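Residues 0 to 907 (numbering that gives the first Met the number 0) are what the sequence shown spells out, left to right.
Don't be surprised by glycine CBs; every beta carbon is placed ideally from N, CA and C.
All values derive from a computational prediction rather than experimental measurement.
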Amino acid sequence: MPQCDCSTDSLVVVLVPLLTMVLFMYVSRQSMPSRSNRYWSAAFGTLALCQLWPQLVAAWAWPSLLGSVLFSVFASLLWVSLRLQQERSLHLPRLMLAFSVAVLSLLTLSFVARPQSAQLLPAYLYAGVLMAACAGSLWRDQSKQMLHYQVFATVLALESLLLLLPGLQIFVPQLSRLSAHSSGARALLEVSIAFLSLLAGAAGIHSRLTAAQQALQDQGRERQDAEQLTKERQAMFEKVFQVVPDVLLICRESDGVYIEVNRHWEHITGYTRAESLGRVPADFDFWIDPKRRQQMVDKLKQDGELHDFQASFRHRNGHEFHVSLSAARFQTGGETYVINVIQDVTVLRDTELQRQKIEGELQLREKLLSTVFQLVPDTLTITRLEGGIYVDVNRNWAPLLGYSREEVIGLSSADLNLWVNPQQRSDLIAKIMADGEVRNMQVAFRRKDGSVVQCVLSGSRFGLEDQGYMLLSSHSIDADIAAEDARVLAERQLRENESKYSSLFQFSPIPLGLIDLDSRKITEVNDVWLKQFGSIGRAPSAAAAAEAEFWCSPAQPAALLSILAGGGSVDQIEVQIRNKDGAILICQLSARLLEMNRKAVGIFSLLDVTRQIQVEQEIREMTAQLEQRVLQRTSNLEQANSELAAAMKRLRLTQQELIRSEKMAALGSLVAGVAHELNTPLGNSVTVASTLEDKTREFSQLLESGQIKRASLERYLDSSRQGAALLMRNLGIARELIGSFKQVAVDQASSQRRQFDLAVVLDEVIATLSPMYKKGPFSLTTDLAVGIAMDSYPGPLGQIITNFMTNALVHAFDGRAVGVMHLRSRLLSDEQVEIIFSDDGNGISASDQEKVFDPFFTTKLGRGGSGLGMNIAYNLVTGVIGGIIELHSQLGAGTEFRLLLPRIAPTI
């Protein structure tokens, strides 16, 4: 700082800072390089220069001024060194500001005629304040409360006091006597500062070495802890690997070599762990169908994991078993491995197959019993013993009593007022409870219309799931009673009048015929006969050939006549006849011998039981063919499943091809639109360029001929300026179009997530799609809210708007001369935005609205429509973007698509 002489003391004052600088430089190079050591070296180099400065520039006018500046630099470097040593902030902006103010003040005061001490006062104050700040920083350093730090702080405080004395003399003049001895004291203090700085630097090096050594020790302990944890986890994994009840297998994916198996491997395959490790699947004969293994490998490579893959294995001893495999890929040490979990599901599979077989048989039996229940000619009912609730009735119930099945189920006979005499039901229940069954009990039932029908009822009780039930069989005996009454009446009227007998014969509900025993010809048949068998029954009386054709076997009428001639009767014997259509019927024939007009006449009846016998035969055949049908249906089911799988595969391939065609069609339309938009500005540019070329050629000819004039030059320059302006304007339009196209193309090609402004992206998409409607009678209006920032997928969003506009142009405006589309967007909340695309086109019918988003649905099938546009839009909205799509439309009133999208798309 200020004045220094060339005495021995001043030489020491110069050498000590120089040696200190050299020592710090040496330490910085040999031990641990640090910024603080470099600043210490620079500080004491500056101090040595400050001490030498008066001798080096003794002839210069301002040695004290420049020495003060150097001492201020020393004080600044000392401050920086201490702050770096203590790892504290440097406050460089404020330090540089204070240094600049001090230097400017020195320069200003140097031009004022004042004493030297007053001129150097800014440097004194700046250095003194910094020394005081350094002393305070050392005292506040609680982590380094060492003796030499405290001594260092004291020395810096004394140095600060001596530097501030010139300023204090202004307020306390008595301090001027101390200033006379301040130079020697300051020299001593500066030497002390040098030595103490060396101690502080050495302490910092020791502290950093200690910290580094401690860090190495901590890293060693952490590495030991990590190794111990790895060993414990490996032991735990090995224990879990062996304890898992399923078979675990780890193999290398590249070559399939078995790396590890657990203890259950030997049980399920028959091979020991030692026999299996290091080998590949080809060394064993596990897979019954090797193609299944390849299918498993392909699926694992495709999906990365596998679950419940069914396969058949062969044990070492030769028996086959069924397994379920699950697998997953993982990487370790740069190699890909596969862990397999194998479960023996043979018992479960056999049980499931047996269950399915039993269920099939039960369903078949149930269907068979239900069929028999319905086909039995009698009326069958199932009722609960308790309460008499009807559980089921067969189809003969309605013809007998007039009630449909639906009207009866859940009601009781009391609810229907069915019993004419309720005591008959009480007697029926009592007999069934006593004997377990009842046979041929005659009862009277009331029909739905109120009429009464006489029936013969049989039944029995049975139990099912702790419930008591009754199975009742009944049939009307009104016909039997009527027949009996008719027979009695006929006998009485026969004695009275033969004509009355004929009337009774005709009104009989049973097909009846009369046969003359003498002529062996059928002489008469009733109306029921004619309805069931046709007039062929009468023909035998007139023609023997017709009668012979009626009976399928001539022995049948011969046997009948033989029995009747012998005085016997015929009861329900089976005979075969031909009806009027030539069909063979099986009937039960009954006959009796009568005497009429003193002639022996046989009366016989034919009851058609063809259907009943056919049903019985079908039941027998169905029972005999049960197992064969089950096997056949199982085979048919497997074939149907195979055909279904093949059809699904073809359908997926067709869908992929249609999607690819849809994209190519959209690309072609887009390229055509881009070419159309760019054609105008580029064509104008070519025209202007060719004109400029002609003008330039003309100007060149004038120049070569030496006939150039100022007016020609001005015309050429005017043409060039106008042409350049036109070129720039048209090329600018093309550049803007290409920029929009490129942004939309990048968004739709990459489908990458990014942050964007919704209005900007929609404007870019509209600019790209404008060629689709710009030259036609259709238009698009927009109302887009600006400033809506989104973190989503602009590519899929552009694809959605493209599909909406394409759908409107192709379908909504089909057959219309004009049409308007609207695109609006707004912010609903901080998390959600709304986009609405609408048109005033034809609209969509209510039935078609349910299928709009279905794949392959289109109203223009065969006319260019693939039916995938709306399905793709729906999948993009609900899948990638994570939003909701709504459709509102009426025929003739247009269509509106409303999108509710999150501002931040979900993570895929």
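Annotation: THR877 to ILE871 spans about 10 Å, alpha carbon to alpha carbon. Taking C-beta atoms as the reference points, LEU299 and VAL344 fail to come closer than 8 Å. For MET869, the enclosing alpha helix (DSSP H) covers residues 868-874. The same chain holds no residue with a CB closer than 6 Å to that of ARG364 once the five nearest residues on each side in sequence are set aside. With fewer than 16 neighbouring CB atoms inside 10 Å of its own CB, ASN316 falls in the exposed class.
Collapsing the DSSP output to three states places ALA564 in a helix. DSSP places ILE583 in the strand class (E or B) of the three-state scheme.
Looking from the CA of PRO795, the closest CA among GLU358, ALA327, GLY868, GLU252 belongs to GLY868. The Cβ neighbour count for PHE506, taken over all protein chains shown within 10 Å, is under 16; the residue is labelled exposed.
For PRO289, the enclosing alpha helix (DSSP H) stretches over residues 289-302. GLY814 is not a Cβ neighbour of THR894, given a cutoff of 8 Å.
The secondary-structure analysis by DSSP pairs PRO421 with nothing; it has no beta-bridge partner. With three or more CB-CB distances shorter than 8 Å, the stretch 267-284 counts as touching the stretch 300-316. Three or more beta-carbon pairs separated by less than 8 Å are not found between the stretch 456-471 and the stretch 359-376, which leaves the two stretches without contact. Shown here, CYS49 sits in a helix according to DSSP, grouped into three states.
With respect to PRO510, SER604 sits close: the two C-beta atoms are nearer than 8 Å.
GLU763 counts as buried, since no fewer than 16 other beta carbons sit within 10 angstroms of its beta carbon.
One thing to note: GLU334 has its Cβ within 8 Å of the Cβ of ARG251. Between the stretch 781-800 and the stretch 822-831, the count of Cβ pairs shorter than 8 Å is three or higher; the stretches touch. Where ILE357 is concerned, the enclosing alpha helix (DSSP H) starts and stops at 345-374. GLU523 is bridged by DSSP to LEU513. Going by beta carbons, ALA326 and LEU347 fall outside the 8 Å limit.
Collapsing the DSSP output to three states places THR857 in coil.
A Cβ-Cβ contact shorter than 8 Å links GLY387 with SER412. DSSP places GLY127 within a helical segment (H, G or I) once states are collapsed to three. Note that the C-beta distance between GLN571 and ILE583 is not below 8 Å. Residue range 412-415 is occupied by the alpha helix (DSSP H) that includes SER412. LYS774 carries a coil assignment under DSSP once its states are collapsed to helix, strand and coil. Cβ contact annotation for GLY705 (same chain, cutoff 7 Å, sequence separation greater than five): none. Sorting ILE883, TYR873, TYR389, LEU124 by C-alpha distance to the C-alpha of ILE408 places TYR389 at the top.
Excluding sequence positions up to five before and after ASP526, its CB lies within less than 8 Å of the CB of GLN505, PHE506, all in the same chain and listed in chain order.
Considering only ARG577, MET295, SER473, the residue with the shortest C-alpha distance to PRO553 is ARG577. Between the stretch 418-437 and the stretch 394-410 there are fewer than three inter-stretch CB-CB distances shorter than 8 Å, so the stretches are not counted as touching.
By the neighbour-count definition (other C-beta atoms within 10 Å, threshold 16), MET95 is an exposed residue. Ranked by Cα distance from LEU592, the first of ALA126, ILE562, GLN611 is ILE562. DSSP lists VAL451 as the bridge partner or partners of ARG445.
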